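See below for the structure under consideration.
2 protein chains.
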Amino acid sequence: MENDNKTKNETTFRNGEVPRDAYKAWLRYAPLNPDQAEEYAPWCGTVVAAFSGHAPLLATACEELRDGIGSMLGRRPQESRSSDSERFLLVGTLDSAELKGLMDEADMEAVGDEGYVLRTVEQPERRFIAIAGKTDKGALYGAFHFLRLLQTGQRIRDLRVVENPAGKLRMIDHWDNMDGSIERGYAGRSVFFHHGAFLGNWNRIRDYARMMAAVGLNAISINNVNVNETATRLIAPELLPSVAKVADVFREYGVRLFLSINFASPIELGGLTTADPLDPQVREWWAERATDVYRHIPDFGGFLVKADSEFRPGPFTYGRDHADGANMLAEALQPYDGVVIWRCFVYDCLQDWRDRSTDRARAAYDHFRPLDGKFRENVILQIKNGPVDFQVREPVSPLFGGMPLTNQVLELQITQEYTGQQRHLCYLVPQWKEAIDFDTYALGEGSTVAGVATGALTDRPLGGFAGIANIGDEPSWTGHILAQANYYGFGRLAWSPTLTSEQITDEWVRITFGNDPAVVETISRMLLDSWHIYENYTSPLGIGWMVNPSHHYGPNVDGYEYSKWGTYHFADNQGIGVNRTVSTGTGYAGQYHDVPAARYESVESCPDELLLFFHHVPYTHVLKSGKTVIQHIYDSHFEGFEQAEGLAEAWRGLEGKVDGDRYASVLSRLQQQSKHAAEWRDVINTYFYRKSGISDAHNRTIY
Amino acid sequence: MENDNKTKNETTFRNGEVPRDAYKAWLRYAPLNPDQAEEYAPWCGTVVAAFSGHAPLLATACEELRDGIGSMLGRRPQESRSSDSERFLLVGTLDSAELKGLMDEADMEAVGDEGYVLRTVEQPERRFIAIAGKTDKGALYGAFHFLRLLQTGQRIRDLRVVENPAGKLRMIDHWDNMDGSIERGYAGRSVFFHHGAFLGNWNRIRDYARMMAAVGLNAISINNVNVNETATRLIAPELLPSVAKVADVFREYGVRLFLSINFASPIELGGLTTADPLDPQVREWWAERATDVYRHIPDFGGFLVKADSEFRPGPFTYGRDHADGANMLAEALQPYDGVVIWRCFVYDCLQDWRDRSTDRARAAYDHFRPLDGKFRENVILQIKNGPVDFQVREPVSPLFGGMPLTNQVLELQITQEYTGQQRHLCYLVPQWKEAIDFDTYALGEGSTVAGVATGALTDRPLGGFAGIANIGDEPSWTGHILAQANYYGFGRLAWSPTLTSEQITDEWVRITFGNDPAVVETISRMLLDSWHIYENYTSPLGIGWMVNPSHHYGPNVDGYEYSKWGTYHFADNQGIGVNRTVSTGTGYAGQYHDVPAARYESVESCPDELLLFFHHVPYTHVLKSGKTVIQHIYDSHFEGFEQAEGLAEAWRGLEGKVDGDRYASVLSRLQQQSKHAAEWRDVINTYFYRKSGISDAHNRTIY
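Same order as they appear, the protein sequences are chains A and B. Mapping the first sequence onto UniProt numbering, position 700 (from 1) lands on 700, and the numbers just tick up by one. Mapping the second sequence onto UniProt numbering, position 2 (from 1) lands on 2, and the numbers just tick up by one.
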């Protein structure tokens, strides 16, 4: 029996010191302790593949099982087509000869195209664990599920799991530019591009595809939604062969490739004089491009589009609307089962700060709501979780539940643009859970965002989740090693939005750092607390912003206050906040359905954490917490800093329990965070003390 | 007689549309009106050169006279070595046979090395105008003076002028990088460099040298004081031949070339392990470099040095002081008559905004005052006019008058970094005049900055004026055509600091736009008012800053308030200002001599315009103007905007009186200025209204 411990994790790094564990992320497959190994070993000596017809991903599944198990148990399972062992793993498709009859008809129906079952079968004649998908792709997901069970020390003797993904589209958006830079990237340069061309580090891309598949992700867009000159050419004949090579790698792991496109391509690439979506020549041009793309990439996912947004071209130029633009592209992709993902991040970014009647928060709903029902079936609108832009705290976008006749995808930002840029620990799964669980009341109580985004609520054919990647070419992929949890968590939520933050966290920590209870408890606590900690020492009570313009790092209370970006707090010497009520404000609160609309409209029922997003109140306003707004600001900032120090403190308790490289790397980030949290605390407290003239009730130092 | 109207103004521009008049700047030599022409013509038919020995600049002088007169009078003077005309111009050196005896001994003594006389001589046997220098360089300056008289319509029948420059060093500092960018440049790219090499547009450099000589400037440093990797090599063998070519061009016009050097050159260039100024190897290395530089450029001016300032290397690294650093370089240059110009812009740029005891304004004096008397005779300290950094309003640096045993140069910023970046009209001559005329009381009343900077007050061997260039490769040289006046005015003040703003302005306007009284009156008024207008709508009462970080354009009241740069206003809901008194503040006011120290120390005697620089006062504090501080802020900002609109209005009155190209170009800038002045007005007023809660007494719109 082999025991070569071969893994696919080989790659080339720019310097010699590779923190291998950091690179392996959730594919570490660290050796299990002897008790666990002894329990699992009897089942894991042989992997038997069972399929009928073409099932290329089954080979991937078997390979992953053999590699992962080999690494964890110290023995690489044999591969076999027959099942003569005493106990074995049977990996395959439900329609295969070996697996037919495993489940009855009713059970079979519960397994969707990407779904799978894990089942321990103890029959007189044979004992095996079935890892079976309706398709080979389902089996691959099942294999990763099984590996996860081993990594986290679960029982496998009586498995009876049926899993289907909640979101059809579980997608990662890269904002990578072809020069190798990454917009809002904090983990190095692009893993795809450099110097205007493809980087060609196929090993690394394959590892990345494995990481995606392991958390159930099935789609990726590799280039920035702000499509510049070079990237416009990705759909041109000269670059498509390279794009196809990338697609080939992702395909091995069940991930479909998308491209962000430039709406003005017919002009910039095609030499036409217009990009008018209703122009027959334009339509023809796109149809031809689509045909060519599919000639190279038969399972190409489709186009991701940022149009008429932040100076990007779009249908408005031609007096057309977003539906005209999206449908034109959708028509071109339709013959090939491609989809158009059209972003709703549309607002006036040349606003006048003096004009209090224009409200950026309203913009997406005002633009798109009237178009409900006008989009083709293969168009999906991609909507950020909140109405503004990935702030540490925002209400949910009212477009969720506001367009029942339109496919939607929930866009989340894994990369920590406004949440510490991977220099601060800010685990976003709890934030995302709040958005996902939010009840829109679109069809009465229980109309959660999860239901809307997956399409389940209104029976839409398409839907799902899109996350902006926090991935770069640093050895750890994410810069801050603990930021891997955000990527992992995104994938897990996209598959199963009903998982709790605690479940996902526990799982990730065990897989990444092992099953030592002290380690699991400490890191889980750190992760789960970190979003609130970050919120405590940054922008208070839902008001957002207060960051340095452009790069968005570090405190600057008035940074966007007199800008054209529509992001204001209106703090004066009496109070702070934006009046977005229907009665006396911008009316934004009225974009929600009845129950949330009423909740936000009234200062009494509006939750503390969103108070300043919806209301302008005096500093002396008493919150539900019993504190005044100003005292809340002071308290949360003093507390937030102490909590940030506590994170570093807690981590120090793990010295010796986490390998030296990862320990040192994380500690250094946490120390930076703690120092920078003091800067946030002091700038915010001083700003509001100087402005309000109200002293801290506890006489702490405010400069 | 020739009439070829040939000029040296030919150059190549990147686009076809050359606003020729803008390019010619103060070398336009526009045709004079017939009356004037008739008056001057009889004298100007022949130019006779008179010299003994080597006098290469006399040829330049004659050429300039012939070109300029040819252009103005429509007839190019003949050149002649003999004086057989009825009337003629006699250009030469006072020791020439033709000019000997022109003046008596006493008069002769009054003419310094760069000085000259202009004298109308009506003798029975001959009538001529003598343009005579002690040296050929003096004669060149005299020639430009004479041309200026014609351009501005002065009488020449009874000339009796003796002129000497007040400042020995009349220098321009370019902050040009070798990649072609210009630090704080607002008029295009460098005229010297591009892509890490010399641009080689010799015609343009020659025209620039002519412009310099025409206003009496005699020195130039061509590379940024922040000397990066490439520019470090300017003193290396491979680049010196190119540097020498530039020096050759400037030499034709009496301008000596300097280079900014990198203090760490011995390491970065020489491969030594140290740049310690007391290390013998380092001293030897610099001596060798100096020898090599002078081998290529025999009249090389010397080194300009920014050391231990804003992250630049310097002697501090080795536990040495500025005197050690400067003297080491001075020693290397001494054999060749070279000088070291050592900048005093030294402060802690990693300050903590929470620390109110550290005061950046104090830094230069604290660093350099103790070193008085320790610098070699060929070291000059270059000191910015104010203690902070070229703000619209600052007190004078107390180093002027604080170091009687040290050569000093007054550094002024011609490029409008903080004063509108050549998008706003801000004529700085009145600001500079205030600095130059400031009485330091170093040796009792009458100890002006002019006296200190020129060295006259304490009989220093060296001194003068340095201006940071506002020059780039735009057709107009300065972007905003009216910004040419700042360059011109700097040159004129460096020559003659006793000139009034009005004199300089009148002269420049006539030369640049002609002698139409309406034009002269309007543009002069615009220029003379513009600094106060800019001050009105920007940072009030001497507090400074309130600009966007990094690029320094546009309003941002808290832009630097929580930064590490040491530039704060400390505005809270009660008041604003920095307490720099000796009694209760940072003690900065005590760095001045008795009279100004007492004036600034007391809130009663401190002038309004500097009040917030020296004192923290409540918004309700009543100024000498009778207004409260807050009402002053509102009033000056409303007024400043209206005045800015008035500038555009005034300019519109000149339509048809100024050529179309220049009219349109200036109008467009003034319109931008007016629009942007409204932004300043509203941001500043809103900021202080929100902060103070005090309403405008006149109920004007504050957002």
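Backbone N, C-alpha and C define an ideal beta-carbon position, used for all residues, glycine too. Nothing here was measured: the structure is a model prediction, and the numbers come from that model.
Within-8 Å CB hit, A/S692 to chain B: yes
Cβ-based burial, A/Q673 [other Cβ within 10 Å; buried from 16]: buried
Whole-number beta carbon distance between B/A130 and B/V117, since they are thought to touch under 8 Å: 7 Å
Residue burial classification, B/G446 (beta-carbon count within 10 angstroms, cutoff 16): exposed
Ordered list of beta strand (DSSP E) runs contained in the stretch 189–254 of chain A, each at least 3 residues: 219–221
Beta-carbon proximity check, A/A22 vs A/R662, cutoff 8 Å: yes
Burial state of B/E649 (16 or more Cβ within 10 Å): exposed
Candidates B/S82, B/A132, B/P56, B/R87, of which the one nearest B/E39 by Cα: B/R87
CB of B/W477 within 8 Å of CB of B/A139, strictly: no
8 Å CB neighbourhood of B/R189 in its chain, flanking five on each side removed: So the qualifying residues of the chain are G180, S181, I182, G472, D473.
Proximal residues of chain A, C-beta to C-beta of B/Q574 below 8 Å: G693
Secondary structure of A/A466, DSSP reduced to three states: strand
CA nearest to the CA of B/M211, picked from B/I341, B/Y619, B/G254, B/P277: Minimum Cα distance to B/M211 is reached at B/G254.
A/A677 and A/F641 closer than 8 Å at C-beta: Result yes, Cβ atoms of A/A677 and A/F641 sit closer than 8 Å.
Contact with chain B by A/R354, beta-carbon distance below 8 Å: yes
B/A571 at chain A interface by Cβ criterion, 8 Å: yes
Cutoff 8 Å: B/D682 Cβ touching any chain A Cβ: At a cut-off of 8 Å, the C-beta of B/D682 has a neighbouring C-beta in chain A.
Element boundaries [alpha helix (DSSP H), containing A/H630]: Sequence inspection shows Ile at residue 630 of chain A; the His mentioned does not correspond to that position. From DSSP, the alpha helix (DSSP H) with A/I630 extends over 629–652.
Residue-level contact to chain B via CB, A/V255, 8 Å cutoff: no
Cβ neighbours of B/L94 in the same chain (closer than 6 Å, five flanking residues each side left out): A132, K134
The stretch 654–670 of chain A touching the stretch 542–556 of chain B, judged by at least three CB pairs closer than 8 Å: Cβ pair count under 8 Å is below three, so no.
Extent of the continuous beta strand (DSSP E) to which B/S260 belongs: 256–261 is the extent of the beta strand (DSSP E) around B/S260.
Extent of the continuous beta strand (DSSP E) to which B/G302 belongs: 302–305
Members of the stretch 553–569 of chain A near chain C, C-beta cut-off 8 Å: The structure shown contains no chain C; its protein chains are A and B.
Partners in chain A for B/Y703, counting only beta-carbon separations shorter than 7 Å: R354
Cβ pair B/E535, B/V396 closer than 8 Å: no
For A/Q408: DSSP bridge partner residues: A/L381, A/G463
The stretch 346–364 of chain A / the stretch 189–209 of chain A touching (three or more Cβ pairs under 8 Å): no
For B/H174 and B/S221, believed in contact at Cβ under 8 Å, the rounded distance: 6 Å
Cβ neighbours of B/W285 in the same chain (closer than 7 Å, five flanking residues each side left out): P266, G270, L272
Segment limits, beta strand (DSSP E) that includes B/W586: First, the amino acid is wrong: residue 586 of chain B is Thr here, not Trp. For B/T586, no beta strand (DSSP E) run applies, since DSSP gives it neither H nor E.
Nearest-angstrom Cβ-Cβ length linking B/F368 and B/H322, presumed shorter than 8 Å: 7 Å
C-alpha gap between B/S605 and B/P277, whole angstroms: 45 Å
DSSP state of A/V293 mapped onto helix, strand, coil: Helix at A/V293.
Local conformation of A/G92 per DSSP, three classes: In the structure shown, A/G92 sits in a strand (DSSP, three-state: E or B).
A/P237 vs A/D292 beta-carbon contact at 8 Å: yes
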